[in-house]
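Structure first, commentary second.
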Amino acid sequence: MDTRMKVVAAVWFFQTANYLDRVAMSFAGPSIMKSLSMEPNQFGIVLSAFGVGYFLAQIPGGLLADRWGAKPLMVIAPLFWALFGGATGFVATLAGFVLTRACLGVSEGMSNASCYKVIGDNFESRDRARAVGIWATAFAVAPALAGPIVGTLLVHYGWQAVFFFMMAPALIAAFVNSRFIPATPLIDAIDRTAPDKSGSFVRILRTPSLWVLSLAYFGFNIAYWGYIGWMPSYLALERHIDVKSIGVLGGIPYVFAFFGMLLAGWLGSTALYRYRPQLVAVFYVCGAVSLYFAYGAETLPSTLTGLSFAAFFLYGGFGPFGAIILECAPEGHRAAYAGVISTVGQVAGAVAPAIVGALVETTGTFASGFSFMIAGLCVASACLMFVTFFRFGTATPVVAAI
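Residue numbers (the numbering used here): 4 to 405.
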């Protein structure tokens with residue numbers, strides 16, 4: 004297998020294991036709430052606890068990856084996923100869930116920016132949208148797999164078994180990364196012996212492109228985390244689907260997400276290579292329309308259609324958006340740059356599930372929660388249009404235009 008293919012395969016499996024851990028709680032949510040008599044607003048706090056830990060770890064993880072390389076973090080981090088993910092199966096209180104999910108968020112967040120660095124260091128500019136798009140299919144494959152797996156485990160063994168099972172993929176990911184990810188970047192043109200001319204971290208924080216992309220990612224994450232956190236529970240609470248059926252039906256939208264990422268990744272590396280911001284902006288608007296349709300639908304098939312197209316467009320933006328980040332990032336600070344964007348975005352990841360839960364609890368309907376997610380996508384789309392002031396196809400962003 005070609006070295007670059009091994010890199011993509013390793014990052015893909017790493018992300019699959021990561022997301023299996025992440026979405027297991029969403030699919031197990033109805034059973035946990037029933038078993039432990041949790042209210043929706045309490046479960047929203049549990050979901051947000053992961054987002055808080057994930058948020059806090061982004062910049063430290065990016066700085067460490069730029070300093071020591073991405074590989075060490077991508078080998079060590081999954082070991083902690085296994086530890087804290089498995090520990091979730093032993094807790095039975097709200098405080099216990101908050102603690103274990105926050106620790107899991109920290110361990111996953113420490114390695115998030117490393118994925119961007121691995122792609123940026125091993126793929127040329129034109130190939131990055133496709134590489135990120137392939138890698139990001141894990142975001143859809145994992146929930147699609149998690150639905151049937153978690154559904155089966157819930158029915159036969161209880162929710163605790165779900166978290167014990169999720170330890171295995173994390174441990175395998177650590178082994179795969181140790182074998183497949185190169186210690187030395189394949190195309191990194193930086194002269195490691197020369198002074199760093201890309202600027203200090205403080206100087207990077209003054210880059211306009213960083214904050215435009217950060218705000219875009221913030222708006223996107225309101226919809227994204229609201230979607231993955233509440234979609235299974237929405238089907239259970241609003242559409243009255245039983246636990247076993249949720250495992251199957253809840254996986255359908257992620258099949259659409261898979262193809263959305265392949266299509267957008269291909270477009271972002273070919274015909275729309277120089278129009279990636281516009282491509283992502285259009286995808287986000289279409290995602291907002293799909294969410295509106297999903298809630299307004301009067302039948303379960305129509306609801307699933309809306310949720311499926313929402314997944315297609317929400318997830319489809321990952322490939323070209325990741326390429327945009329790598330285009331604008333200074334070569335010597337790719338992980339830190341991506342880490343800042345992810346940190347700002349994860350503020351939404353930390354608060355969106357709890358806000359959606361509070362809105363549902365207060366209004367007694369998911370309408371307000373869907374409206375909140377749609378608003379986030381509109382903000383993200385508007386920010387992406389500002390990014391069109393940047394020059395793409397080179398590694399140098401035109402920051403003076405903003």
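From the three backbone atoms N, C-alpha and C, an ideal C-beta is built for every residue, glycine too.
Remember, predicted model here, so these are calculated numbers, not experimental data.
| Check | Outcome |
| --- | --- |
| Given 8 Å, three or more beta-carbon pairs between the segment 366 to 378 and the segment 284 to 298 | yes |
| CA nearest to the CA of Thr187, picked from Ser38, Phe126, Pro323 and Ala284 | Phe126 |
| Beta carbon of Phe87 nearer than 7 Å to that of Ser110 | yes |
| Beta carbon of Phe58 nearer than 7 Å to that of Thr346 | yes |
| Top-ranked residue by Cα proximity to Ser1, from Pro323, Gly352, Thr155 and Ile377 | Any answer about residue 1 is impossible in this case: the structure gives the chain only from 4 up to 405. |
| Own chain residues within Cβ distance below 6 Å of Leu50, not counting five before or after | Gly232 and Pro356 |
| Spatial neighbours of Thr103 in its chain, beta-carbon cut-off 7 Å, leaving aside the 5 residues before and after | Phe87, Ala90, Thr91 and Val94 |
| Local conformation of Thr273 per DSSP, three classes | coil |
| 4-residue-minimum alpha helix (DSSP H) runs that sit fully inside the segment 22 to 101, ordered along the chain | 43 to 71 and 73 to 90 |
| Simplified DSSP assignment, three categories, for Ser114 | coil |
| Spatial distance of Val382 from Tyr276 (CA atoms) | 23 Å |
| Cβ contact check for the segment 287 to 295 and the segment 152 to 160: 3 or more pairs under 8 Å | no |
| Exposure of Ile190, with buried meaning 16 or more beta-carbon neighbours within 10 Å | exposed |
| For Gly222, the nearest candidate out of Gln349, Ile62, Gln18 and Leu362 (CA to CA) | Gln349 |
| Span separating the alpha-carbon of Leu266 from that of Thr210 | 31 Å |
| Proximity winner among Ala134, Phe17, Met41 and Lys74, relative to Ala98 (alpha-carbon distances) | Met41 |
| Cβ-based neighbour list, Ala351, same chain, cut-off 6 Å, excluding 5 preceding and 5 following | Phe221, Asn224 and Ile225 |
| Three-state secondary structure (DSSP) of Thr368 | coil |
| Limits of the unbroken alpha helix (DSSP H) element including Leu282 | Arg279 to Gly299 |
| Sequence-distant residues of the same chain with beta carbon closer than 6 Å to Gly72, five excluded per side | none |
| Ala197 versus Asn44: straight-line alpha-carbon distance, rounded | Residue confidence is low: Ala197 scores 41 on pLDDT, short of 50, so the model does not pin down where it sits. No coordinate-derived value is stated. |
| Residue from Lys120, Asp5 and Ala80 with nearest C-alpha to His336 | Lys120 |
| Straight-line Cα distance separating Tyr230 from Met482 | Residue 482 cannot be examined here, being either before or after the span of the chain that is shown, 4 to 405. |
| Element boundaries [alpha helix (DSSP H), containing Leu317] | Leu303 to Gly319 |
| Pro146 beta carbon less than 7 Å from that of Tyr412 | With the chain covering 4 to 405 only, the question about residue 412 has no answer from this structure. |
| Alpha-carbon spacing of Trp228 relative to Ile255, whole angstroms | 18 Å |
| First and last residue of the uninterrupted alpha helix (DSSP H) at Val135 | Ser128 to Ala139 |
| Contact under 7 Å by Cβ, Ala139 with Cys386 | no |
| Sequence-distant residues of the same chain with beta carbon closer than 6 Å to Val205, five excluded per side | none |
| Neighbourhood of Ala353 by C-beta distance below 7 Å, restricted to the same chain and skipping five residues each side | Ser51, Gly54, Val55 and Phe58 |
| Three-state secondary structure (DSSP) of Arg209 | coil |
| Cut-off 7 Å between Cβ atoms - residues of its own chain near Ala12, not counting five sequence neighbours on either side | Phe183 |
| Same chain only: Cβ atoms within 6 Å of Leu329, ignoring 5 sequence neighbours per side | Gly123 and Arg131 |
| Own chain, CB closer than 6 Å to Leu148, minus 5 neighbours either side, in chain order | none |
| Pair within 7 Å by beta-carbon distance, Ala313 and Ala260 | no |
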